[in-house]
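Below is one structure, written out as structure tokens; comments come after it.
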Amino acid sequence: MGSMSVPLVVFLHGLGRTPQFWQDQVSALPPGTRAVAPWLDGLRPGGSDGFELTRAADAVLGQLNRFGVDQVALVGSGLGASVAVAAAGRSPAAVSHLVLTDLLPRTAKLAGGLQRLAVRAMPTAQLAEAGLDRGKMLAMMKASASVDLRALLPQVTAQTLLLGGSGNPAGVTAARELAAGIAGARVEVIGRASGSVPTEAPQEFNQLLYDFLA
């Protein structure tokens, strides 16, 4: 992995996660690469405002002013991937690259089943770290599964890579459906991962990520 051509990489965590979700990626940053992993707007523990997709996307775009750059590369997982797409659709010139992983399926019945399984499997300590309990987590997951990004896709001009784990076929299907709406988007399936590709297969994820951004 060589130096990056992008001025700033912004990592966006998913629901029930914290910015530390990206520690394997941040620790592997190529030399000289600037990066930030903020809390998604509305998800910081103790915050008074709830999550709203448009507001979260605008907060991400605010990183350009914070760092004094004209473009960013956005790397998003789960709900963070939805926020990344929304930001790229709202301000196409500001987002040079999108790397999206662990997308939730849009089919209501399937998404609901996956949500319940995911919430039951989450350790209480992990939920507490993200400022959530199981009831709040389930409610937010249901809301995030209903997010429809299709109207934004024609506006996205960023080079786009979507990654899914072979153990999460619903997520791979969601990635392929989203890629069909973004010009030139590419999908890669990682064999030894399921629902959390960056943490389950960090070496493979990092190789694809940083080669794509080079």
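Numbering (the UniProt record's numbering), first residue to last: 1 to 214. Glycine included, each C-beta is placed from N, C-alpha and C at the ideal position.
I believe residue i touches residue j by the beta-carbon criterion, under 8 Å. Please report the beta-carbon distance rounded to the nearest angstrom.
i	j	result
T101	S77	5 Å
Given this structure, state the Cα-to-Cα distance separating residue i from residue j, to the nearest angstrom.
i	j	result
P202	N168	16 Å
G195	V187	15 Å
F51	H13	13 Å
S166	P92	30 Å
I182	L74	15 Å
V197	D49	29 Å
Excluding the five sequence neighbours on either side, which residues of its own chain have a C-beta within less than 8 Å of the C-beta of residue i, listed in chain order?
i	result
F212	H97, V99, Q159, L161
T173	P105
V26	F11, A35, A37
P19	F11, H13, A37, P38, W39
T54	A86, R90
G184	Q159, T160
Hey, would you say residue i sits closer than 8 Å to residue j, going by beta carbons?
i	j	result
P7	Q63	no
L103	L152	no
G164	A175	yes
T33	V69	no
Using C-beta distances below 6 Å, list every residue in its chain close to residue i, excluding the 5 sequence neighbours before and after it, in chain order.
i	result
A88	V95, L98, V156, A158
W22	F11, A37
A193	G165, E200, A201
D24	P202
With a CB to CB cut of under 7 Å and the five nearest residues on each side skipped, what residues in its chain are close to residue i?
i	result
A56	L40, D41, G42, V83
V147	L53, S82
* Which ranges would you report for the beta strand (DSSP E) in the region 6-55 if only whole runs of at least 3 residues count? -> Listed in chain order, the complete beta strand (DSSP E) runs (minimum 3 residues) inside the region 6-55 are 9-12.
* Which ranges would you report for the beta strand (DSSP E) in the region 145-214 if only whole runs of at least 3 residues count? -> List check, beta strand (DSSP E) in window: 159-165, 186-190.
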